[in-house]
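In my numbering, the protein residues as written are 208 to 374.
Ideal Cβ positions, reconstructed from N, Cα and C, are used throughout, including at glycine.
To start, the structure under review is shown below, and the notes come after it.
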């Protein structure tokens, strides 16, 4: 089945989990995470979980496991993807990938470069498949989240999830 056929047969709604990795945010002032939730709901998707977790590998792994236990089509993570010592999202998540999606990293870097020039090198945004759930790890800034969501994820989310679920 080609891309056009997959798009036609893909479910029009997906289930999602949203996880923000931050030491300074709470669920109330989680600007990027709340933006993701609203963007998903606006498109008719169902958010099963929204959590904020501190920049700690074990804590990130626990919250990700909690999200995956709900069997979402997609987990959208933001924060902790830079290169500071406290940026450990990639270290916590990437080893769990059954399949990596390197094109997401490459395309996000390209879009970022168009907006912020060489500073795009500092992002380690990544994506992969854990079981039948897609996991996207984006930077924590609202601008970066909007760039990834509007430019790469939302336009094809149902198509992506359809592939991940084997449909």
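Contact check, residue 355 vs residue 315 under 8 Å by CB: the rounded distance?
So it is a contact: roughly 6 Å between Cβ atoms.
Give the C-beta separation of residue 223 and residue 279 to the nearest angstrom, bearing in mind that I take them to be a contact with Cβ-Cβ under 8 Å.
5 Å
In its own chain, which residues sit with a C-beta less than 6 Å from the C-beta of residue 299, not counting the 5 before and 5 after it?
264, 267, 268
So, does the CB of residue 368 fall closer than 9 Å to a CB anywhere in chain B?
The chain inventory of the structure shown lacks chain B, comprising one protein chain alone.
Within the segment 332-359, note down every full alpha helix (DSSP H) run reaching 4 residues or more, in order along the chain.
349-355
Taking one C-beta from the segment 279-299 and one from the segment 233-244 each time, how about it: are there three or more such pairs within less than 8 Å?
yes
If we call anything under 9 Å between Cβ atoms a contact, is residue 233 one with residue 259?
yes
Where in the segment 281-317 do unbroken runs of the beta strand (DSSP E), each at least 3 residues long, occur, reported from the N-terminal end onward?
281-285
With DSSP as the reference, please indicate the residues paired to residue 254 in a beta bridge.
223
When DSSP builds the beta bridges, which residues end up paired with residue 260?
228
Just confirm the distance between the C-beta atoms of residue 151 and residue 304, as a whole number of angstroms; I'd bet it's less than 8 Å.
The structure shown does not extend to residue 151, since the chain is modelled only from 208 through 374, so no value can be given for it.
Please name the residue, chosen from 246, 236, 274, that lies closest to residue 342 on a Cα-to-Cα basis.
274
How many Å lie between residue 330 and residue 296 at the Cα?
12 Å
Can you tell me whether residue 338 is buried or exposed? The criterion is at least 16 other CB atoms within 10 Å of its CB, across all chains shown.
exposed
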